[in-house]
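The opening position of the sequence shown corresponds to residue 371 in our numbering, with each subsequent residue numbered one higher.
In this text, a Cβ means the ideal position worked out from N, Cα and C, and glycines have one as well.
As the structure is a prediction and not an experimental result, all values here were calculated from the model.
Just below is one structure, and these are the notes that go with it.
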Amino acid sequence: MLSELFVILAVFLVAWQIWLLRQQSEMLESLERRLGSLRNDLLETRRELLSLWTRKAVTEKIEPSEPIAAETTAPAEPRAEVGRAAALLHPKPSASPRDGWILEPGSTVVDPVLAEPTAVERPVGSRPAPRPSAPPPPPREPSRFETAAKEILAKIGNWIVVGEEHRPAGYSMEFAVASTWLLRLGVVVLVTGVGFFLKYSIDHGWIAPAVRVALSMLAGAGLIVAGVRILGTLYHLLGHALIGGGIATLYFSVYAAAEFHHLIGPLPAFALMALVTMTAGALAVRFDSLLIAVLGIVGGYGTPIILSSEQTNFSGLFSYILLLGCGVFFISFKKNWHLLNYLAFVFTYGLFFAAMTDYDPSHFWEAMLFLIGVFVLYSTTLFLFNIVQRTRSTLLELIGLLLNAGVFFVCSYYLVRDVYGQRAVAGVTLGLAAFYVAHVYYFLARRIADRELLHGFMSLAIFFLGVTVPLILAWQWITVCWAVQALVMLWLADKVQSEFIRRAAFVMYAIVLYRFGLIDLPYQYGMRDPATAGATLGVYFAHLLQRLVVFGVPIGSVAGAYFLLQSPSSASALTVDPANNLPERVRSPWAVRGSVILAAGMAFLFLHLEIARTLGDLFPAAKMTTLTFLWLAMCWVLLRERRGEFARPIGIVLALFVAGVLFKLFVFDLPAWNVSEDLVYGGAFSPLDAAMRLFDFGALIAFFVLAAHRVRDVDIPDAPSPSSVAASLAIGLLFVFLTLELNTFLNQFVPTLRAGGISILWTVFALGLIVGGIQKQVRELRYVGLGLFTVVGFKVFLSDLATLDQFYRIIAFILLGILILFAAFLYLRSRAEFAKTPVANDQGALP
């Protein structure tokens, strides 16, 4: 196992170094491109200033004896500014501040930077030389958050390769690498040899256990003393290595005395290990030596590997590892040694996974408590130095937080699930959420300026709170709880003035919409629920109530988001500092308007499917009419929201909904009422069906009348007036409704009058169109009325004469004649409105 561990570590270090070299190469290339862009900008600026100065000099005919920089009077102020610009471009050594850069007439100015001659004399009115094309925009500069992480990784890479964060000046790479790695390899081999000696002596019983432990402790102490004595000399690196090796040897000794020889009990062993840990940390901090800390950690974590036994002592091993982690934790108070933290993290979980090969559920609490301790320990270690020293975190701290939380959650998930079931895992996720909420509270209360770290805590708290829901509840309640969580987050964002939480709330709303539209609705309404098939009315309504809650809560949550965005709540005393906040972008008119339309759309989808199912089961006659009411309600919401900058997009959606409700009427509703080719509703006449049709058509006609009145002032260029279109639809639907209803009624009760009755209806309708057209001065209405009169005329003589009974034929023709004559009378009575020239007298005589 030890050889495998070293091979993995070596491969990891080599891969890490290659990655670091690549990152450094990319950083150098980025800096070179940036410097090239700045150089081009500087040259362009110099050219422009030089050209400005020469044109000014030629225009004003500067005399040789006039020092430009010495002009101080008000009329010559522009010339002085030009002179100062020239002096900045080409300074001339002078003892007097009044000596300027003097341009001789006809001379040539040479830019020492550009090294190109520029003629001063330029013909008046001539065009200047074309400006060079602008340099390409510089590449995106990495943020401080990213740059700091790259710098830390580069320092870690340098330390791994040459033993220092920066390569020593004046020494070759060969010396730096060879001296560093020979020292490290020598110490590791020496300490490993001591460990193997202890193991071999234990197996063969060479020396008494107490003597073995005493000798190894003396060896460790001797290495520490020797290392301290040569610190500050030419061989100070060797001293650091010896100290690290001595600390590792002491770890071996104490661990062997307690776990193998049982010379001391758990409490004294724990105290001795704590003493060794504190000694290692104190020496590393005192001599500012990462090498001491790393060698001590490597030796400490290597002890259980070298001195391994056939049976794992979970309590002893986990306590020992936690003690080592505490040492790293206390070092992080003073030193920001990322490599030490990462090595401790890797070794800790590596030993944990190796020990879990012998795990069984009887060791649950030992493993779980160890995981909790390691999680809290390393989560705090990652940013402790930043908090203590008040420095900003980097990308590495955030990655470490996510990695630590992820490893802990995955491990604890399987441990808890195997013993207590999946729902018990919710206790872990709730604990994690509370843990990170406490961090957020601490940051807000102490006003710690570290935006990235604060947002990391917020993200983890939101994530684990969201994960809790599917662990506890059935799948159909997940969307409900996430919708409530999103609304609470939006309210909390106003309270603590956090734009990050507000954006996270909108991400949560996006997830809610995804589940609402693509998971919940298809599952609930895509198939018939077996539980409701043949169920009693009580069971049916219980399932109906459940669906109302499942879909009503997300709809209400989106509606609540609309009110919160429109009228945010007042801030609390504990708010996010502006330095930790993001720019506000979510609360905009588009977000406010979009939330109310989104809530209406979600309600429309749910109610459409629910009405189709429930009324289809309980009251089929009202199904199509109620759906029409729903469509018109959505159209009315869109009509009310169509204003300002949202008029065009909402108008397009409104037009689609209007087309949809008309499509529904003619494609679904009329066939559902069994309309035949003779324009007669099939089946026996039913007052209930007639009432439903009246409500259906009546609601449509009323909506279009109200819409025509509401949009009467709206004018769309190169398009028909919306008000005219709505009025035309209302009239057309009224004509269709009356024709179908009268035709069906006469067919049921007075079949011989059916043809004549329709002709009379159409004549009355045509007369009404003409009357309205004359009164409102709408030519189109009159034209439609005249066209309908024409249709009636053809119908009467070509169809009605052959089908009407003789008695009804007389009545129909008399009534039609009276109505047609009345229409002619209306035209004669209103002839002044149709005259091309003014009428001269009451008799209508034209002049």
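Which residues mark the beginning and the end of the alpha helix (DSSP H) in which Lys1146 is found? Residue mapping note: residue 1146 aligns to position 776 of the sequence shown, counting from 1. Looking at the DSSP string, the run of the alpha helix (DSSP H) that includes Lys1146 is 1124-1146.
Between Phe755 and the rest of its own chain, which residues show a CB-CB distance below 6 Å, the 5 nearest in sequence each way excluded? Position 385 of the sequence shown, counted from the first residue, corresponds to residue 755. Only Ser702, Asn706 meet the Cβ criterion.
For the alpha helix (DSSP H) containing Ala929, name the first residue and the last one. To locate residue 929, count along the sequence shown from 1; it is residue 559. Note, Ala929: alpha helix (DSSP H), 907-936.
Residues near Phe834 in its chain [Cβ-Cβ closer than 6 Å; skip 5 each side]: As a working mapping, residue 834 is identified with position 464 in the sequence shown. Thr799, Leu802, Ala803, listed in sequence order.
Among Leu771, Pro1087, Leu1196, Gln894, the one whose alpha carbon lies nearest that of Ser829: Walking along the sequence shown from the start, residue 829 turns up at place 459. Nearest C-alpha to Ser829: Leu771.
Would you report the Cα separation of Gly695 and Thr718, rounded to the nearest angstrom? Position 325 of the sequence shown, counting from 1, holds the residue named residue 695. Position 348 of the sequence shown, counting from 1, holds the residue named residue 718. If you take the alpha carbons of Gly695 and Thr718, they lie about 8 Å apart.
Per DSSP, the bridge partner or partners of Tyr1051: By one-based count along the sequence shown, residue 1051 stands at place 681. DSSP output for Tyr1051 lists Val1045 as bridge partner(s).
Does the distance from the C-beta atom of Thr751 to that of Asn711 stay below 8 Å? For this step, residue 751 is matched to residue 381 along the sequence shown. For this step, residue 711 is matched to residue 341 along the sequence shown. Closer than 8 Å, so yes.
Please return the same chain residues whose Cβ sits closer than 7 Å to the Cβ of Ala853, not counting the five positions on each side in sequence. If you number the sequence shown from 1, residue 853 lands on position 483. Answer for Ala853: Val882, Val923, Pro924, Ser927, listed in chain order.
Which runs of the beta strand (DSSP E), 3 residues or longer, sit entirely within the segment 636-663? none
Does the beta-carbon of Ala808 have 16 or more other beta-carbons within 10 angstroms, so that it is buried, or is it exposed? If you number the sequence shown from 1, residue 808 lands on position 438. Ala808 comes out exposed.
Are the segment 1054-1072 and the segment 1130-1138 touching by the rule of at least three beta carbon pairs closer than 8 Å? no
Own chain residues within Cβ distance below 6 Å of Val1166, not counting five before or after: Residue 1166 sits at position 796 when you count from the first residue of the sequence shown. Taken in chain order, the residues that qualify are Ser1129.
Quick one: grab the DSSP three-state call for Asn756. As a working mapping, residue 756 is identified with position 386 in the sequence shown. Reduced to three states, the DSSP call for Asn756 is helix.
Grouping DSSP H, G and I as helix and E and B as strand, with all else coil, what is Val1007? Position 637 of the sequence shown, counting from 1, holds the residue named residue 1007. Reduced to three states, the DSSP call for Val1007 is helix.
For Arg793, I'd like the list of residues in its chain whose CB is within less than 8 Å of its CB, leaving aside the five on either flank, ordered along the chain. Residue mapping note: residue 793 aligns to position 423 of the sequence shown, counting from 1. Leu841, Ile842, listed in sequence order.
Can you grab the Cα-Cα spacing for the pair Ile757 / Asp730, in whole Å? In the sequence shown, residue 757 corresponds to position 387, counting from 1. In the sequence shown, residue 730 corresponds to position 360, counting from 1. The straight-line gap from Cα to Cα measures roughly 39 Å.
Going by other Cβ atoms of all chains shown within 10 Å of its Cβ, with 16 needed for buried, is Arg872 buried or exposed? As a working mapping, residue 872 is identified with position 502 in the sequence shown. Arg872 is buried by the Cβ-count criterion.
Just verifying my parser: in three-state terms, what is the DSSP assignment at Phe989? For the purposes of this step, residue 989 is taken as residue 619 along the sequence shown, with counting starting at 1. Phe989 falls in the coil class under three-state DSSP.
Same chain, Cβ closer than 6 Å to Gly540, five either side skipped, listed in chain order: On the sequence shown, residue 540 is found 170 positions in, with the first residue counted as 1. The pLDDT assigned to Gly540 is 49, lower than 50, so where the model puts this residue is not dependable; a value taken from the coordinates is nonetheless given after this. Taken in chain order, the list of residues that qualify is empty.
Heavy atom of the ligand MG within 7 Å of Gly1021 beta-carbon: Annotation note on the ligand MG: not contained in the displayed structure, which lists no ligands.
Just verifying my parser: in three-state terms, what is the DSSP assignment at Arg582? The residue given as residue 582 occupies position 212 in the sequence shown. Helix, per DSSP.
Please state the DSSP three-state secondary structure of Ile1085. Within the sequence shown, residue 1085 is the residue found at index 715, counting from 1. The sequence given here places Asp at residue 1085; Ile does not occur at that position. Looking at Asp1085 - three-state DSSP - the assignment turns out to be coil, as it is neither helix nor strand.
Given Thr996, which residues of its chain have a CB within under 7 Å of its CB, disregarding the five upstream and five downstream residues? Residue numbering aside, residue 996 sits at position 626 when the sequence shown is read from its first letter. Counting only Cβ-Cβ distances below 7 Å, and skipping sequence neighbours, we find Ile981, Leu985.
Just verifying my parser: in three-state terms, what is the DSSP assignment at Asn410? Start at 1 with the first residue of the sequence shown, and residue 410 comes out as number 40. Reduced to three states, the DSSP call for Asn410 is helix.
What first and last residue would you give for the alpha helix (DSSP H) that runs through Glu822? Sequence index remark: in the sequence shown, residue 822 carries index 452 (1-based). Element bounds for Glu822: 821-842.
May I ask which residues mark the beginning and end of the alpha helix (DSSP H) holding Lys1034? Walking along the sequence shown from the start, residue 1034 turns up at place 664. Lys1034 -> alpha helix (DSSP H) spans 1017-1034.
For Ile600 versus Gly614, is the C-beta spacing smaller than 8 Å? Mapped onto the sequence shown, residue 600 falls at position 230. Mapped onto the sequence shown, residue 614 falls at position 244. In this structure, Gly614 does not lie closer than 8 Å to Ile600 by Cβ.
Compute the Euclidean distance between the alpha carbons of Tyr806 and Ser749, then round it to the nearest angstrom. Translated into positions along the sequence shown, residue 806 becomes position 436. Translated into positions along the sequence shown, residue 749 becomes position 379. Cα to Cα, Tyr806 sits roughly 10 Å from Ser749.
Over what stretch of residues does the alpha helix (DSSP H) that includes Asn774 continue unbroken? If you number the sequence shown from 1, residue 774 lands on position 404. Here the alpha helix (DSSP H) through Asn774 covers 765-790.
To the nearest angstrom, how far is the alpha carbon of Val350 from that of Gln916? This structure gives no information on residue 350, because the portion of the chain shown stretches from 371 to 1217.
Cα-Cα separation, Ile742 to Leu977: Mapped onto the sequence shown, residue 742 falls at position 372. Mapped onto the sequence shown, residue 977 falls at position 607. Those two C-alpha atoms are separated by around 47 Å.
Quick check on Leu1158: does DSSP put it in helix, strand or coil? Locating residue 1158 in the sequence shown gives position 788, where the first residue counts as 1. Three-state result, Leu1158: helix.
Nearest to Ala653 (by Cα), restricted to the options Pro636, Ile848, Phe700: Against the sequence shown, residue 653 aligns to sequence position 283. The sequence shown places Leu at residue 653, not Ala. Checked all of Pro636, Ile848, Phe700; the closest Cα to Leu653 is Phe700.
Beta-carbon contacts of Gln867 that lie in its chain and below 6 Å, excluding the five residues immediately before and after: Taking the first residue of the sequence shown as position 1, residue 867 is located at position 497. Excluding positions up to five away in sequence, the list reads Ala941, Thr945, Val946.
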